[in-house]
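**Student:** I have a structure I would like to understand better, so I am pasting it below and will then ask my questions one at a time.
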Amino acid sequence: MKSKEWSQLKNYTKEELLSKLDSLKKNLFDLKYRNSYTKVKNPLEIRATRRMIARVNTILKQKA
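This is the structure we're talking about:
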């Protein structure tokens, strides 16, 4: 992740981070579901989504 994107995430409000987290979790579920019956085009997208969820969780914990 570029530092520019990381700094943008840090500037989000708590509500924006929670909505982003929700959309990322839905996206991860969809990716895993699609991968279970057919292979997704880019399997690294699953890893990237998981890592983004972890980053958002980290920022939420820091703000608490």
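Following the working numbering, the numbering of the sequence shown begins with 6 at its first residue and continues without gaps.
Every residue, glycine too, gets a C-beta built ideally from N, C-alpha and C.
For residue 15 and residue 65, what's the separation of their Cα atoms in angstroms?
**Tutor:** 9 Å
**Student:** Does the distance from the C-beta atom of residue 26 to that of residue 61 stay below 9 Å?
**Tutor:** Result yes, Cβ atoms of residue 26 and residue 61 sit closer than 9 Å.
**Student:** Taking 9 Å as the threshold (beta carbon to beta carbon), is residue 15 in contact with chain C?
**Tutor:** Of the chains in the structure shown, none is chain C; there is only one protein chain.
**Student:** Whose C-beta lies closer than 8 Å to the C-beta of residue 17 among residues of the same chain, with five residues either side of it excluded?
**Tutor:** Contacts found: 25 and 64.
**Student:** Go ahead and label residue 5 buried or exposed: buried means 16 or more other beta carbons lie within 10 angstroms of its beta carbon, across all protein chains shown.
**Tutor:** This structure leaves residue 5 out entirely; the chain is present only between 6 and 69.
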